[in-house]
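Scroll down for the structure; my scribbles are underneath it.
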Amino acid sequence: MSPASRPSSRLLRAWLRLYPRRLRTEYGDEMVAHLEARLQRARSEGRAAVARVWTGALADAARTRARDVVDRTLRRSPIHAPVPRRTRLHTRPTPGERMESLLKDVRYAVRRLARTPTFTLGALALMTLAIGATTAVFALVDQLLLKPPPFAEHERVVRVYQDSDEGDPSSSSYPAYLDMAATEGLFTSVAATTPATVQMEVGDVTEALAIEFTTSTYLETVGLAPAEGRWFDRDMDQVGAGNFAVVSHRAWRTRFGSAPDVVGRTLRLNGQPTLVVGIGPEGFNGALGLVTDAWLSISSVAVGGPYRVTNLERREDHWYQVLARLADGVSLDQAQTAMTALSTRLAEAFPELNRGRDITVFAAADVRMHPQGDGELRRIGTLLMAVVLLVLLLATSNLGGLLLTRAVARSPEVAVRRALGASQARVARLLLVEAVLLTCAGGLAGLGFAAWLLSLLPTTDFAGALPGTVTAPLDLRVLLFALLLMAGTGLFFGGIPALQVRRGDLAHAFRSGRSGANTGRSRFRDALITVQVAVSLVLVVGAGVMVRSLSSYARIDPGVDAEQLAFLSTDFARAGIGDDARAAALLDLTERFTALPGIESVAFANALPVRGGPSTTTVVEGYQPAAGTGSVELPFVLVSPAYFSTLGIAVQEGRVYTTEDVGAGAPIVVVNQAAAERFWPGQSALGRRLRPQGSPDAWRRVIGVVADAKVASMSEPATPQIYYVLGESGLNTPYVFARTTGAPEAALGVLRSGLRELNPALPVLALSTMEEHVGASLQG
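Take a look at the structure:
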């Protein structure tokens, strides 16, 4: 020690002797260190500051000594003898005193956090992201998997499915729905619905609407009522009664700005006037919970295309989801028995269409989307929750480590508080309040982050994982989950430094952890490090697997040559082009687009690869599917002769269509490789026959086999598909494909201009490059 420091050391020792022996023995080193640090800072400010520090230190020593003398005097006094609990000098604090003490701790924690903005902002950002992401994913999973159906008395509502051609529960035909509804004494109401997408004209632009064609019994079956206006009446179940719509409550707010005059408006949907008669129930998005912009009456099915009118009478077209409300006293088993009897009668009446096709009844709560897709939906939901919970665990363990380090750095303050009489529980509570405050503040910000994430759901394309888009509100269930998440996170990980205080002095624990002398004191830190390493390892491995999967996914061949290929979609009906003029309009488009600069070839189709399209129930000669009907549901595409060469789909066997086949009515068909291998394995498909179910004389002969192209998504296996040549009727909403000589992006403007020059009334419904379209499917 230098001579200059001896007087200071002697003063410090003299000051320390003023305290009781117990405090000097247990906390002397920390008290001296703390006072030395304060004096060191004060010396830079002048003698007055040093004098203030000494004055405060001596006053504290005097108070502590006086309190100790009083305590020892009371212990020796006869008054200190046992007395009834209510007369003790040291009574329990009242609830008001406890609340006041807690508020003091909260105010102190706020001041402490405000003095360390870097730490505070970092911790808040960490918890905002973790709790926000976890809450958003829970809201989505809750909406898709956990919530009960949004029906009144949902336990009385059932879903009814006819078997598919492969023998699994699937959609039902409209005539079968009518048979179900006619079953006496079983249901009080039966409804049918089928989803679709239509284009709504808004000025000079169009907007896609997600709709459902539904029967007049729909809301009656689910037990709800329109928010405004009315629902469809029985007359609107008949084709020809007119076009009527009920807009959803969500669409009324988001698309129509909550306009009070929506009811009574006439919308132009797919070029046809449609009268709005009501606004749907608030919070109701349809039986599947997907985003629905409007419901259209069965009398409006022509808005979706002429084929939707014909399938109302075709038992081979299974497009409708059926809901029913059980009559009083009817059980699920009784309903199943009645539907089994109905399927037997249908098999006898229509053996080719319904032989071996069962009807299955499910409780509405047992089906989330569809019996065949719910298993995959649950796996996806479980995986999402597992990932975000791992991220939350990693974030909170990091926060726990930061709080523990922060508590160790505050060990001098803790020592002084203990020296001044604060209990271990009180100091631990102070640290716990700070942690809970951080977590709750981060959680509240996380709710805002979750709300922003959930606002993106209605515009998020899940690329085949879901049959549409969804909404997931921040309702009471989600808010309660977020509250429990915040409280649990704050109490658990904030309790680590608090528990460390309860076990002993933090400074001693810190020193023993470094020296290895007391491994028990450092096990919290070791546990945190272990958790962080383990979770990080799981996330890194998972990320590696995901990157590898995405890399493999990106190498999947879509089956078409996407380079130098552009496409657009238009609507002839919107331009007033009728059925008789569509073939000529396609010919005009071909001539016009082929003459455009940079365009090599042009083709047409009714569907877009990697997007899905229509399907038809088909009888394949010599093939017997599981249901025993002799038919199978196959996707089909109506194509122009140049379709295969323009899209780069190779011919594997035989030939494809020529211009002579258009309108000739020849009973021919082209199939893909997957269809040939499934129906005629090890044999040539050429000359084989197939026909639409229900048309026993409409056999078509296979003239060619082409390479497989993805039908609905990039992740699907090779799917059997058939190609029909365009007839004289042409297409109402064709996709126009253009093979370009240069970059396809440069041709997009040329295609748009060419379409407008040909007919200014023709709308552009879609315009993109095939590479961009395939890339969007990969990203989804």
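In this note's numbering, the protein residues as written are 90 to 869. Glycine is no exception: its CB is placed at the ideal position from the N, C-alpha and C atoms. Note that the structure is a prediction, hence the values are computed from the model and not measured.
Return the residue from the list the options that minimises the CA-CA distance to residue i.
| i | options | result |
| --- | --- | --- |
| Gly-687 | Gln-741, Ala-146, Leu-840 and Asp-324 | Leu-840 |
| Val-390 | Tyr-409, Pro-238 and Ala-438 | Tyr-409 |
| Gly-360 | Ile-666, Val-505, Pro-781 and Asp-257 | Ile-666 |
| Thr-830 | Leu-815, Ala-655 and Lys-799 | Ala-655 |
| Glu-317 | Gly-369, Phe-302, Ala-855 and Asp-326 | Gly-369 |
| Ala-416 | Cys-529, Ala-228 and Ala-427 | Ala-427 |
| Arg-441 | Val-199, Leu-229, Thr-707 and Ser-804 | Here residue 441 is Glu; the residue named in the question, Arg, does not match the sequence. Residue Thr-707 is the option with its Cα nearest to Glu-441. |
| Lys-799 | Leu-736, Thr-747 and Ala-753 | Leu-736 |
| Gly-372 | Ala-241, Arg-106, Ala-285 and Ala-765 | Ala-241 |
| Val-691 | Trp-769, Val-825 and Val-699 | Val-825 |
| Arg-106 | Ser-133, Ala-146 and Glu-749 | Ala-146 |
| Arg-681 | Ala-664, Ser-773, Pro-833 and Arg-845 | Arg-845 |
| Ala-739 | Leu-723, Val-760 and Ala-753 | Val-760 |
| Gly-211 | Glu-301, Leu-491 and Phe-451 | Leu-491 |
| Leu-364 | Asp-382, Ala-228 and Ala-334 | Ala-334 |
Kindly indicate the opening and closing residues of the beta strand (DSSP E) around residue i.
| i | result |
| --- | --- |
| Trp-320 | Per DSSP, Trp-320 belongs to no beta strand (DSSP E) and is neither H nor E. |
| Met-289 | 276-291 |
| Trp-341 | Counting along the chain, Trp-341 falls outside any beta strand (DSSP E), though it belongs to the alpha helix (DSSP H) covering 338-343. |
| Asp-252 | 246-252 |
| Thr-725 | Reading the sequence as shown, one finds Phe at residue 725 and not Thr. 720-728 is the extent of the beta strand (DSSP E) around Phe-725. |
| His-875 | Summary: the structure shown does not reach residue 875, with the chain confined to residues 90 through 869, and so no result is reported for it. |
| Ile-666 | Careful: Ile-666 lies outside any beta strand (DSSP E) and carries neither H nor E. |
| Glu-742 | 740-743 |
| Arg-777 | Segment: none, Arg-777 is in no beta strand (DSSP E) and carries neither H nor E. |
In the DSSP assignment, find the alpha helix (DSSP H) that holds residue i and state where it starts and stops.
| i | result |
| --- | --- |
| Thr-217 | 206-230 |
| Asp-118 | 110-132 |
| Val-839 | 833-847 |
| Val-311 | 307-311 |
| Asn-443 | 440-443 |
| Leu-736 | 732-736 |
| Arg-767 | 762-768 |
| Phe-682 | 671-683 |
| Pro-395 | 395-399 |
| Leu-267 | 263-270 |
Whole angstroms are fine: how far does the CA of residue j sit from the CA of residue i?
| i | j | result |
| --- | --- | --- |
| Arg-430 | Pro-852 | Residue 430 is actually Ala in this sequence, not Arg. Using only the alpha carbons, I get a separation of about 50 Å. |
| Ala-270 | Leu-401 | 15 Å |
| Leu-478 | Gly-532 | 15 Å |
| Arg-780 | Trp-788 | 5 Å |
| Arg-467 | Val-559 | 16 Å |
| Met-120 | Leu-520 | 20 Å |
| Arg-671 | Leu-678 | 10 Å |
| Arg-566 | Val-522 | 26 Å |
| Phe-538 | Val-230 | 17 Å |
| Met-859 | Ala-651 | 5 Å |
| Arg-767 | Val-294 | 44 Å |
| Pro-647 | Ala-827 | 17 Å |
| Ala-807 | Arg-323 | 43 Å |
| Pro-167 | Val-158 | A caution first: Pro-167 carries a pLDDT of 47, below 50, which makes its placement in the model too unreliable to give a value. |
| Tyr-396 | Leu-358 | 16 Å |
| Glu-405 | Asp-447 | 14 Å |
| Gly-577 | Arg-113 | 39 Å |
| Trp-384 | Val-336 | 6 Å |
| Thr-272 | Phe-321 | 22 Å |
| Arg-344 | Thr-205 | 46 Å |
| Glu-437 | Ala-571 | 56 Å |
| Ala-265 | Arg-414 | 17 Å |
| Asp-382 | Asp-660 | 21 Å |
| Glu-861 | Leu-815 | 27 Å |
| Gly-843 | Thr-286 | 26 Å |
What does a CB cutoff of less than 7 Å around residue i pick up in its chain, not counting 5 residues either side in sequence?
| i | result |
| --- | --- |
| Thr-306 | Ser-278, Val-279 and Ala-280 |
| Arg-744 | Ile-792 and Gly-793 |
| Glu-115 | none |
Please return the same chain residues whose Cβ sits closer than 8 Å to the Cβ of residue i, not counting the five positions on each side in sequence.
| i | result |
| --- | --- |
| Arg-790 | Pro-756, Ile-757, Val-758, Gly-776, Arg-777 and Arg-778 |
| Val-456 | Arg-248 and Asp-463 |
Leaving out the 5 sequence neighbours to the left and right, which residues in its chain are closer than 6 Å to residue i when beta-carbon positions are compared?
| i | result |
| --- | --- |
| Gly-579 | Ala-524, Val-525 and Thr-528 |
| Asn-695 | Leu-727 and Leu-820 |
| Leu-542 | Ala-225 |
| Val-172 | Residue placement at Val-172 is flagged as unreliable, the pLDDT there being 42, under the threshold of 50; the coordinate-derived value follows with that caveat. Here the set comprises nothing. |
| Ala-52 | There is no way to answer for residue 52, as the model of the chain reaches only from 90 to 869. |
Against chain B, with Cβ distances strictly below 8 Å, would residue i count as a contact?
| i | result |
| --- | --- |
| Ser-386 | Absent from the structure: chain B. Only one protein chain is present. |
Quiz item: Would you call the stretch 311-328 and the stretch 376-394 in contact, with 3 or more CB pairs under 8 Å?
Solution: Flag = yes, the stretch 311-328 and the stretch 376-394 touch.
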